[in-house]
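S.K.: Each residue of the sequence shown is one higher than the one before, counting from 1 in the UniProt record's numbering. Sharing a structure with you now.
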Amino acid sequence: MLGKLMKYEIKATGRILLPLYGVLLAFTLINKLFIGNNWDTLDASTLGGIPAVLSIFAYGVTMAAIFIVTFFIIIQRFYKNLLGDEGYLMHTLPVTTWKNILSKLLIGIFWTVISGIVAILSIFILAFSVSNFDPNFFNELGKVFSEIYKEVGISGFMLFLEFILAVFIQMAMGIIMIYASISIGHLFNKRKILSSFGAFIVLNIIMNTITSILGITFSWKLEMYADTINQHSLGLLHGIIWGVIAVNLIFFICYFFITNYVVKNKLNLE
């Protein structure tokens with residue numbers, strides 16, 4: 001059932017986001033045509049003149065819109081589907097509450113990642129130049145990775161994978177924190193949106209306070225064992241990343257529990 005919910009979410013959100021991605025890539029190609037790689041010399045004499053400037057402006061607006069709209073949809077789909085009028089239908093489906101929440105969360109992460117990939121691809125297209133491209137680029141890149149492997153071994157690549165995992169968990173934690181804030185705000189009979197903002201601020205203060213205490217404690221431990229740590233710096237990096245993963249995972253579980261509890265037991269669709 002979770003797969004069906006996710007498929008429905010992708011269809012519902014893709015109708016808005018996919019055309020937006022297409023518009024961004026279209027403006028990317030238009031800017032590439034107008035300007036090529038001569039960004040430093042862009043003025044009224046550039047091919048297209050004012051249209052080129054307008055195209056660049058439209059490109060920048062569309063780039064910003066991708067992330068703003070993605071963020072808005074992540075919030076809107078959760079609020080409207082589970083806490084708004086559509087909640088009457090969603091909560092009659094033969095599916096548990098946590099699956100409804102998880103489907104929104106996973107698709108929110110999915111579109112956030114896709115938005116980042118599309119943005120990077122767009123920038124790469126604008127920056128790419130056939131005349132300046134080195135055919136041996138990928139060979140040189142392979143040599144760089146080989147040298148890194150000789151220096152740090154498999155541990156260096158594991159460090160990269162751990163970093164990617166930490167980014168995904170941080171992303172998931174940030175989204176579920178917003179869901180938890182909206183759910184708490186929905187407990188109030190009036191000014192639910194304002195209450196959601198207040199809940200977000202309170203949760204953020206609590207989280208920052210805890211992480212600051214942990215950070216100070218960790219820094220103090222580093223000073224105590226500085227000599228030993230210097231001899232195992234790579235292991236220290238592994239420890240730091242896994243520490244960050246663990247802390248964010250704990251916050252994620254707490255926020256998910258809050259969201260699930262409120263939506264399941266304290267739902268008020270009036």
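The C-beta atom is built at its ideal place from N, Cα and C for all residues, glycine as well. Since the model is a prediction, treat every value here as computed from it, not as a measurement.
1. Starting from G116 and walking both ways along the alpha helix (DSSP H), at which residues does that stretch end?
2. Suppose you measure from the CA of I10 to the CA of F200; what does that come to, to the nearest Å?
3. What separation, rounded to the nearest whole angstrom, lies between the Cα atoms of I245 and I206?
4. If you draw a straight line from the C-alpha of S45 to the C-alpha of N31, how long is it?
5. Where T217 and F160 are concerned, what is the direct C-alpha to C-alpha distance, given to the nearest angstrom?
6. When you compare only the Cα positions, how much space is there between G22 and F124?
7. Specify the secondary structure class of E86 as computed by DSSP and reduced to three states.
8. With burial defined as no fewer than 16 other Cβ atoms inside 10 Å of the residue's Cβ, what is the status of R15: buried or exposed?
9. Counting only the same chain and skipping the five closest in sequence on each side, list residues whose C-beta sits under 7 Å from that of L5.
10. When the Cα atoms are used, what is the spatial distance from M158 to F78?
11. Leaving out five residues before and five after M177 in sequence, what residues of the same chain have Cβ atoms less than 8 Å from its Cβ?
12. Whole-angstrom Cβ separation of L83 and I182, contact assumed at under 8 Å?
13. Do you know whose CA, among I73, I109, I75, lies nearest I169's CA?
14. Just to confirm, are A65 and L29 a CB contact at a threshold of 8 Å?
15. What distance in whole Å lies between the Cβ atoms of L105 and A172, which are believed to be in contact at a cut-off of 8 Å?
16. Give a yes or no on whether the C-beta atoms belonging to K266 and L194 are separated by under 8 Å.
17. Does the beta-carbon of G239 have 16 or more other beta-carbons within 10 angstroms, so that it is buried, or is it exposed?
18. Just to confirm, is the Cβ distance from F67 to S115 under 8 Å?
M.R.: Judging by the given coordinates:
1. Walking along the sequence shown from the start, residue 116 turns up at place 116. Counting along the chain, G116 sits inside the alpha helix (DSSP H) bounded by residues 97-127.
2. Position 10 of the sequence shown holds residue 10. Position 200 of the sequence shown holds residue 200. If you take the alpha carbons of I10 and F200, they lie about 26 Å apart.
3. Your numbering for residue 245 matches position 245 in the sequence shown. Your numbering for residue 206 matches position 206 in the sequence shown. One C-alpha to the other measures close to 18 Å.
4. In the sequence shown, counting from the first residue as 1, residue 45 sits at position 45. In the sequence shown, counting from the first residue as 1, residue 31 sits at position 31. The pLDDT assigned to S45 is 49, lower than 50, so where the model puts this residue is not dependable, and the model offers no usable value.
5. Locating residue 217 in the sequence shown gives position 217, counting from the first residue. Locating residue 160 in the sequence shown gives position 160, counting from the first residue. Their Cα atoms are separated by approximately 25 Å.
6. Taking the first residue of the sequence shown as 1, we reach residue 22 at position 22. Taking the first residue of the sequence shown as 1, we reach residue 124 at position 124. One C-alpha to the other measures close to 16 Å.
7. Position 86 of the sequence shown holds residue 86. Coil.
8. The sequence position of residue 15 within the sequence shown is 15, counting from 1. Exposed, since its Cβ has fewer than 16 Cβ neighbours within 10 Å.
9. Along the sequence shown, one-based indexing puts residue 5 at 5. Around L5: V95, K99, N100, S103.
10. Within the sequence shown, the letter at position 158 stands for residue 158. Within the sequence shown, the letter at position 78 stands for residue 78. When rounded, the distance between both Cα atoms is 35 Å.
11. The count along the sequence shown starts at 1 and reaches residue 177 at position 177. Contacts found: F200, L203, N204, M207, F251, Y255.
12. Against the sequence shown, residue 83 aligns to sequence position 83. Against the sequence shown, residue 182 aligns to sequence position 182. Confirmed, about 7 Å.
13. Stepping through the sequence shown from its first residue, residue 169 is reached at position 169. Considering only alpha carbons, the answer is I109.
14. Walking along the sequence shown from the start, residue 65 turns up at place 65. Walking along the sequence shown from the start, residue 29 turns up at place 29. With respect to L29, A65 sits apart: the two C-beta atoms are not nearer than 8 Å.
15. Position 172 of the sequence shown, counting from 1, holds the residue named residue 172. Position 105 of the sequence shown, counting from 1, holds the residue named residue 105. Yes, they are in contact, since the Cβ atoms of A172 and L105 sit about 6 Å apart, within 8 Å.
16. Against the sequence shown, residue 266 aligns to sequence position 266. Against the sequence shown, residue 194 aligns to sequence position 194. No. Outside cutoff.
17. The residue given as residue 239 occupies position 239 in the sequence shown. Burial call: exposed.
18. Numbered from 1 along the sequence shown, position 67 holds the residue referred to as residue 67. Numbered from 1 along the sequence shown, position 115 holds the residue referred to as residue 115. Contact: yes.
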